[in-house]
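Mapped onto my numbering, the consecutive letters of the sequence shown carry residue numbers -12 to 249.
Glycine included, every Cβ here is placed at the ideal spot set by N, Cα and C.
Owing to the predicted nature of the structure, the values given are computational and were not obtained by experimental measurement.
Notes follow once the structure below has been shown.
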Amino acid sequence: MKERSENTTRKLPALTALALIVFFWWALCESGAVPSYMLPSPADVVRAFVSDFPNLTFHAKTTLLEAFYGLLIGIALAFVIATVMDRFRTLKEALSPILVITQTIPTIAIAPLLVLWMGFGMAPKITLVVITTFFPIAVGLLDGYRSVDLDEINLMRAMGAGSGQIFRYVKFPSALPFFFSGLRISASYAVVGAVIAEWLGGFEGLGVYMTRVKKAYAFDRMFAVIILIVVISLLLMALVDLIRDLAMPWHRVKAVNQNHNS
């Protein structure tokens, strides 16, 4: 009970800030300073969200599938790349610039090419999500591998442990906090990457729906889609935190102790 009360207290500043933003938004619309066709009021957005909820859920299923498949592939790709780069120094020096280059190219510039090469199905959307999400996870894993205490590795070697055992019992557990930090970022990027790819072609998805309502100048529906994307991203980040607590129960205990001490 005490822990739940502390969690509520910690979230209070964020909830207050969010309430203030909505209040100023409502006040700006009610004052008439901005025309309603340019900035719909929160009430209009809520009504649009409720009335279009069946359409939103229909398109959200496609976007979530694209984000889910892309994130899974991104995790696998990041794990392989980071592990190989950590194991072989030459490959690390060769691949590091390539990883950076993949993140310097704007996704909005890559998306049309992917649609041209792969068509209007799910393949280009998933590919863009993979490109968007694997980098934070790969960087997090590399940092986690490098954070291992060398004394622990030397002790394992002195006890006759091989490279596989050192990786399993020392390196990978040490990299888990860094992995989940990168995964938390990538989970939010996954939905945004899928939506950006859907802007440029497709038949279903929240990005396709956004382009349709934009052409109709239905900005209340546009804001409803944006709110849904934000909610989905926050839920995915919360899911990552839940998986982290299940995979690393000691992390939750440590966080609780730090909160008590502070």
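- In the three-state DSSP reduction, E53 falls in the helix class (H, G or I).
- Put simply, of A184, E139, P27 the residue whose alpha carbon is nearest the alpha carbon of Y204 is P27.
- Cβ-Cβ distances below 8 Å link V212 to L43, L193, Y196, M197, V200 in the same chain, with the five nearest sequence neighbours on each side left out; the list follows chain order.
- Bounds of the alpha helix (DSSP H) holding R208 are 206 to 234.
- Here L101 is near T114, since their CB atoms are less than 9 Å apart.
- For F154, the three-state secondary structure derived from DSSP is helix.
- Between V32 and D232, the C-beta gap is not smaller than 9 Å, which leaves the two residues out of contact.
- The alpha-carbon of L7 is positioned some 11 Å away from that of P0.
- Going by DSSP, S168 is part of the alpha helix (DSSP H) stretching over 159 to 186.
- At a Cβ-Cβ threshold of 9 Å, V126 and L86 count as neighbours.
- For the 9 Å CB-CB criterion, T49 and M109 form a contact.
- Around the beta-carbon of E80, fewer than 16 other beta-carbon atoms lie within 10 Å, marking it exposed.
- In the three-state reduction of the DSSP assignment, A30 falls in the helix class, which pools H, G and I.
- In the three-state DSSP reduction, A203 falls in the coil class, being neither helix nor strand.
- Measuring C-alpha to C-alpha distances from F40 to each of Q152, T119, M224, L215 identifies L215 as the nearest.
- Exposed is the label assigned to D136, since fewer than 16 other Cβ atoms lie within 10 Å of its Cβ.
- With 16 or more neighbouring CB atoms inside 10 Å of its own CB, A181 falls in the buried class.
- When the Cα atoms are used, V116 and G61 turn out to be separated by approximately 8 Å.
- Distances from the CA of I140 to each of K158, P123, S23 were compared; the closest alpha carbon is that of K158.
- Sorting M209, G188, L170 by C-alpha distance to the C-alpha of L221 places L170 at the top.
- Annotation: the continuous alpha helix (DSSP H) that includes F122 extends over 110 to 133.
- By the beta-carbon neighbour count (other beta carbons within 10 angstroms, threshold 16), P111 is buried.
- Between the alpha carbons of T77 and V71 lies a distance of about 10 Å.
- For I95, the uninterrupted alpha helix (DSSP H) run begins and ends at 94 to 105, by DSSP.
- The three-state reading of DSSP puts P22 in coil, since its state is none of H, G, I, E or B.
- Looking only at F210, G151, F165, A148, the smallest Cα-Cα distance to D228 is reached by F165.
- With a beta-carbon spacing of about 29 Å, Q152 and F122 fall beyond the 8 Å limit used to define contacts.
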